[in-house]
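J.: Residue numbers for the sequence shown, in this note's numbering: 8 to 116.
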Amino acid sequence: MEISEQRQGDVVVLGPVGRINNDTSPEFQSRLLGCVGSGAVLVDLSRVEYISSAGLRALMMASKQSKAVNGRLAVAALTPVVKEIFTISRFSYVVAVYETAADALAALH
Numbered sequence: 008m009e010i011s012e013q014r015q016g017d018v019v020v021l022g023p024v025g026r027i028n029n030d031t032s033p034e035f036q037s038r039l040l041g042c043v044g045s046g047a048v049l050v051d052l053s054r055v056e057y058i059s060s061a062g063l064r065a066l067m068m069a070s071k072q073s074k075a076v077n078g079r080l081a082v083a084a085l086t087p088v089v090k091e092i093f094t095i096s097r098f099s100y101v102v103a104v105y106e107t108a109a110d111a112l113a114a115l116h
């Protein structure tokens with residue numbers, strides 16, 4: 008799995024590509040948790056075609072860790088399949104969800 012990482016002001020933007028499943032979630036979780044202590048984190052899901060419960064678990068762990076250090080975590084630009092998974096699992100109650108990365112960056116700054 009490829010995961011881009013860039014900084015937009017005080018926000019770290021992670022951009023995973025492909026599928027976040029049992030095979031790829033350990034790397035995703037490691038990168039995500041590594042960024043949580045550095046302030047606000049945005050996960051741009053625009054190039055993620057699928058996220059499994061393992062990927063959701065990684066986001067849940069990051070959300071919990073982020074709250075513990077007064078950080079902020081958001082996801083943005085969900086593809087239709089990922090949006091459906093978030094809706095079914097009611098995951099938008101766990102992590103802030105934004106339509107676009109620009110909307111999320113504006114909220115996180």
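By construction, the Cβ of each residue, glycine as well, lies at the ideal position given by its N, Cα and C atoms.
1. Judging by CA-CA distance, which residue of Val-19, Met-8, Val-76 is the nearest neighbour of Ala-108?
2. If you follow the beta strand (DSSP E) that Glu-106 is in, where does it begin and where does it stop?
3. Assuming Val-50 and Leu-39 make a contact with CB atoms under 8 Å, what is their CB distance in whole Å?
4. On the three-state DSSP scale, how would you describe Ala-84?
5. Measuring straight from C-alpha to C-alpha, what distance separates Gly-16 and Pro-33?
6. I'd like to know whether the C-beta atoms of Ala-81 and Ala-114 end up nearer to each other than 8 Å.
7. For the candidate residues Gly-44, Arg-79, Gln-72, whose alpha-carbon lies nearest to that of Leu-112?
T.: On the basis of the supplied data:
1. Val-19
2. Here Glu-106 belongs to no beta strand (DSSP E), and DSSP marks it neither H nor E.
3. 7 Å
4. coil
5. 27 Å
6. yes
7. Arg-79
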